[in-house]
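Colleague: Next up is a structure, given as structure tokens.
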Amino acid sequence: MKKFRKVLDGLTTSSPSGGTIGSPSCGSAAGTPTTAPTPKEIDVQETLVSENFQLCKTVRHGFPYQPTALAFDPVQKILAIGSRSGGVRILGRPGVDCFCQHESGAAILQLQFLINEGALVTACADDTLHLWNLRQRRPAILHSLKFNRERITFCHLPFQSKWLYVGTERGNTHIVNIESFILSGYVIMWNKAIELSTKTHPGPVVHLSDSPKDEGKLLVGFESGTIVQWDLRAKKVDFRIYYDEAIHSVSWHHEGKQFMCSHSDGSLTLWNLRNTSKPIQVTFPHGKIQKDGRKESCKPILKVDYKTSRNSEPFVIFSGGLSYDKAGRRPTLTIMHGKAITVLEMDYPIVEFMTLCETPYNNEVQDPYAVVVLLEKDLIVVDLTQSNFPVFENPYPMDIHESPVTCTAYFADCPPDIIPVLYSIGAKHKKTGYSQKEWPVSGGMWTLGSHTYPEVIITGHADGSIKFWDASAITLQMLYKLKTSKVFEKPKQNEGRAAELVDDDPFAVQMVSWCPQSRIFCVVGISAHIILYRFSKYDANTQIVSLEVRLQCDPEDVISPSENENNPCFSEPHSGSHSPQPHHQHPASPGGGTPESFKDYTPCLKVKDRAVRVPPGYQAELVIQLPWMDGEPPQQISSLDINSAYGLLAFGNCNGLAVVDYLQKTILLCMSTLDLYGAADPYQRLTRSPRRNRQSTSGLTELSDNQQSVDTERSKSPTSGFASRRAMLQQLHGVTMYSHDEHHTTTSYCWSDRESRENSFSRSRSSSVSSIDRDTKEAITTLQFGESFGRKSDTLPTPCLWVGTSLGVILLIPMSIPTDLEERMEEPVTIGPCGAVLMLKGSVLRFGFLDCMGALIPNPYEVWRDLNAPEDPDRPRKRKLVHYSPSSSQDTCGEGHLAIVCSERQAKVFLMPSQSCLFVHNITESSFVLRADVVSVCNSVCLACFCANGHVMTLSLPSLRPLMDVNYLPLTDMRIARTFCFTNGGQALYLSSPTEIQRITYSQEMYDNLQEMLGELFTPTETPEAQNRGFLKGFFGGNAHTFDREELFGEAAAGKASRSLAQHIPGQGGVEGMKVAASGAVGEIARARIALDERGQRLGELEERTALMMTSAESFSKHAHELMLKCKDKKWYQF
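If you're matching positions, the sequence shown starts at 39 in the working numbering and goes up one per residue.
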């Protein structure tokens, strides 16, 4: 441990920007003290070292984005979903959820489990086969096989076979040994499969399956409509079928005498092997006969499953096949059971479906019990055992994207009571009508690890909804859903100011602020509104109070810096609708053709002006709105902080700052950023330039689905396309910001539908540091309430508001808050003039406070109390405040505390109240910081940063030594920038796709314990025994069980395949498995102990089986002896 001694007192600065002296170069770890030493020193023992940090992904939640393939292991009962980006999600029982990613990023065409073997084959669009080992908690690739000359179109792996059939675009069928991943020399060439007289190519292979009657017969389906049964032993064709319509899928009857095909004209054909000249049945399930006698033209049936049932008629299940004339009909899954036809309408297009059956053997009665349906944006499982076909309740969080996610927040180590309370409220609103049976995907094992603590993730959505999720123990379960739109009247179509501000989603959530201790919750919306919620276990009739804050500058009144413009404006609270005030009307906007004055001072949304009945949970108490001013829309809110102990809420945008007392429902401060400085403005301002056209607002919904949003401008930028954070914030918050070295113009961004788009940013143009165009808005970028010292002369800490701006300026605003509880509700809170003015390079992102021993100072808060609870005369409800004074533990170090400030370029540590800069670290020169947080890790604190160039880094506190710097995740789109957030315990998350949340850890301790927290995908399970076929069935039903594939496909019989046809690539699965198992100090010991336990368990089972066999043998001997004694004297004719 290093001890860092820095000067404590006697530090003076001659100007507000004096804190910038002594900034080190980019490579240095910390700055140098700015003044001479004095006897008093700060002595902080830092415990964090680089070995405490390790970055890795932990778990991914949500629905797989752009799914393409589906597979199910009927013995292990685990499900795999492949995606267009090369990702594979493997799901089992709740808690068993694994994500794998192909390095190539190629789309997955098909998935095939090695049933009950703990392995998975993936076929990718880059014509590569991969074998994944699932017998470890983090699966890895064992083998890969890259096809060079042919494109893979279909794969089939027979049950309990080690030979994989691979069909290609050229119509050939190759055979791969699964164990060695080497191509066999046995090939079924397309020209051998069809008749010599056929003049046309049959097309790609679209189906491969072995006959249930005889494994030595392979059914090959070609896209053109040709079906061939190939005799693998004789290497010749048994029969050929030529059909006029293209084939999409084939499904066998379990007896192997019939099979069913689905076709492109919406028809199903049933074929009998006795007569293959024509189908025995042709049906158009959804094609009706029209008046002229012709059939309706139908869409293709993309897949059909033909499954027999022991106790009822067979099931025929298919997707598609609807008639073309019914426009607007939703995608359907049709279940034909006997004469009954059930059509299940889906919310999204069907990607794939799979029928789950009781047996893994294809030559036994199938007895289907469920259908897994993979949709473009959902996963549902239908119960086939009930006549009304209900769906199972999905235990996975597949509905994160129900409305596009616009913001996230992550809270680790929450109060232990908050999760049960939210769950009990949310459980009352759960949907009903689900199947009563257990979720059928029940494989794997998962136990609650020892390193768990309460964690909550909050997601804000484009429709104004808020979702609270229980994220404890690397799982994710929905707790509670809140709809912020219920606070407002429904806006009429194309009416109101919201329609002019944003086309869709006027309630979209921009940011949230939550105090878990006081349960105060605050939401910032896209329509420049803030809603404050309190939590209650009781329902109530409430009248929502509404405040209008006119945080708008009139640029035409600004002539020169000397004029006294932009006076603070105050507004009285009022409930209900907000009518324009005539004496506040302004002239019409110069850009408008019609008078705009009657529209001024009206907010974008109308708050409900009547008492409303609200259910238990979060109940709206106060709505703050920024109205239109002078025909201009309000600038969106860029920063927010709320403090329950003070009863105050502060927010800012590019126009200025406002502070609201939410207890008294009054506006305490409403002032432009420039006026906050007073005489302490560190910049020389120029006259404001003429008014420009109104800037467009920005969107928050998910960014482009096609992920190809990086244009040529972006590729030139060293920060992955965003010339600076201001440009990014323009898109995030619709604000025009200015920094020392850049000025950016906004780009048009509109919301034409609920799916997202991303627009590129214009390049920056340089400007002077000392002279600033007055038309440029200096935005409030971050706010923080806390006990601090507003001025150098202060001897005791007082409530302060720390304000950070886009120009890198830090303002301290001291406040006087009545301490008596009764006075607090009656006496006004007074806000003093601006105190300290400090400086950083780049836009300010985050504040944090440490005491002089280096411990984190938490924010003061009010203990939660239920305002709607019945009155108890013995225990009156009073405000109970919890304060953490900066000087409470400073007996040896004296008064004061450390303030950590991080901007998009650098971090600084200031000593308060002297305001001296103790440490400086330039985080980045070529990029900029997107997110920074002061977090607790390993019983200490550090500063965690995420940069636009993809680097995740941590800095020690207070010395700002670099502890970790990993090039992890390049900023490819705005979604990551908007949703990335750190939390305590060394964890972070971001939206990896529009539908998925990726959680990561940067803590070595959690990395070591990750194996314990993850679920086991593979559990040793006995394969079900095949049914006894009986003598007659075995005799007349073919010799399926005598087929030896090794004899046919092995190198001895078939020879070697051409080396140029496919390339074998060894994987790292075995090595990775050993690495993962050995991670941590006790990895090998734990593994050996588990192996011993398993061995002991197996020995015990063996002993039991031996005892049973001995007992059985003794019983058999006894019965045989009795039978011999009974029959020994009988003649042969007496039997």
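For every residue, glycine included, the Cβ atom is placed at its ideal position computed from N, Cα and C.
Just the C-alpha distance for H291 and C299, rounded to the nearest angstrom, thanks.
Modeller: 11 Å
Colleague: Compare the C-alpha of E188 against each of P242, H168 and I457 and name the closest.
Modeller: P242
Colleague: Which residues in the same chain as A447 place their Cβ atom closer than 6 Å to its Cβ, once the five residues preceding and following it in sequence are excluded?
Modeller: If the five residues before and after A447 are omitted, its C-beta is found closer than 6 Å to the C-beta atoms of I496 and V550, all from its own chain and listed in chain order.
Colleague: Count the C-beta pairs between the segment 1018-1033 and the segment 95-107 that are closer than 8 Å, then say yes if the count reaches three, no if not.
Modeller: Contact between the segment 1018-1033 and the segment 95-107 is present, because at least three Cβ pairs lie under 8 Å.
Colleague: The beta strand (DSSP E) that contains Y1028, what's its start and end?
Modeller: Q1025 to S1031
Colleague: Following the continuous beta strand (DSSP E) through Y448, name the residue where it begins and the one where it ends.
Modeller: From DSSP, the beta strand (DSSP E) with Y448 extends over V443 to A450.
Colleague: My parser needs the beta strand (DSSP E) runs of 3 or more residues fully inside the segment 145-191; what are they?
Modeller: 146-152, 157-162, 166-171 and 178-185
Colleague: What three-state label does DSSP hand Q1049 in the structure shown?
Modeller: helix
Colleague: With G100 as the anchor, note down where its beta strand (DSSP E) starts and where it stops.
Modeller: Looking at the DSSP string, the run of the beta strand (DSSP E) that includes G100 is F91 to G100.
Colleague: Based on DSSP bridge pairs, tell me the residues matched to T490.
Modeller: T490 pairs with nothing; no bridge assigned.
Colleague: Per DSSP, I690 is paired with what?
Modeller: Per the sequence presented here, residue 690 reads as Gly, with Ile not at that position. S677 and L695.
Colleague: Would you grab the beta carbon distance between P196 and E155 for me? Rounded to a whole angstrom, and I think it's under 8 Å.
Modeller: Not a contact, Cβ separation roughly 13 Å.
Colleague: Out of curiosity, what's the CA-to-CA distance linking P866 and L701?
Modeller: 10 Å
Colleague: Among the residues of its own chain, which have a CB less than 6 Å from the CB of D791, if the five just before and after it don't count?
Modeller: Only weak support exists for where D791 lies, its pLDDT of 40 falling under 50; the coordinates are left without a value.
Colleague: Ignoring anything shorter than 3 residues, give me the beta strand (DSSP E) runs that lie fully in the segment 868-927, in order along the chain.
Modeller: 875-877 and 882-888
Colleague: With H, G and I counted as helix, E and B as strand and the rest as coil, what does DSSP make of L311?
Modeller: coil
Colleague: So, is L834 buried or exposed, given that buried needs 16 or more other C-beta atoms within 10 angstroms?
Modeller: exposed
Colleague: Helix, strand or coil, according to DSSP, for I961 in the structure here?
Modeller: coil
Colleague: Using alpha carbons as the reference points, say which of T191, L422, Q1036 and V1004 lies closest to R1013.
Modeller: The shortest Cα separation from R1013 among T191, L422, Q1036 and V1004 belongs to Q1036.
Colleague: Can the beta-carbon of V288 be found less than 8 Å from the beta-carbon of S247?
Modeller: yes
Colleague: With DSSP run on the structure shown, which of helix, strand or coil describes F823?
Modeller: strand
Colleague: From the DSSP output, in three-state form, read off N579 for me.
Modeller: strand
Colleague: What residue does the beta strand (DSSP E) around M374 start on, and which one ends it?
Modeller: T370 to H375
Colleague: Start and end of the alpha helix (DSSP H) containing N229?
Modeller: W228 to A231
Colleague: By Cβ distance below 8 Å, which residues in the same chain neighbour R348 in space, the five residues on each side in sequence not counted?
Modeller: V403 and D405
Colleague: Which residue comes first and which comes last in the beta strand (DSSP E) that contains I457?
Modeller: That residue, I457, is in no beta strand (DSSP E); its alpha helix (DSSP H) goes I456 to G464.
Colleague: Relative to the alpha-carbon of K519, which residue among T513, P529, D508 and K528 has its alpha-carbon at the smallest distance?
Modeller: D508
Colleague: Look at the alpha carbon of P398 and the alpha carbon of V113, and state the distance between them as a whole number of angstroms.
Modeller: 7 Å
Colleague: What residues are listed by DSSP as bridge partners for K329?
Modeller: Answer by DSSP bridge pairing: none, since K329 is not bridged.
Colleague: State buried or exposed for Q83, treating a residue as buried only when at least 16 other CB atoms are found within 10 Å of its CB.
Modeller: exposed
Colleague: Cβ atoms of S677 and C692: under 8 Å apart, would you say?
Modeller: Against a cut-off of 8 Å, the Cβ pair of S677 and C692 comes out as no contact.
Colleague: Output the boundary residues of the beta strand (DSSP E) element that contains Y1040.
Modeller: E1034 to S1041
Colleague: Considering just the uninterrupted stretch of the beta strand (DSSP E) at T843, what are its terminal residues?
Modeller: T836 to T843
Colleague: With distance defined between alpha-carbon atoms, name the residue in S584, V697, L968 and S710 nearest to R648.
Modeller: S584
Colleague: Just mark A1091 as buried or exposed, buried being the case when its beta carbon has 16 or more other beta carbons within 10 Å.
Modeller: Label assigned to A1091: exposed.
Colleague: So, at 6 Å on beta carbons, what are the nonlocal neighbours of L998 in its own chain, with the 5 sequence-adjacent residues on each side left out?
Modeller: A68, A945, F957 and H959
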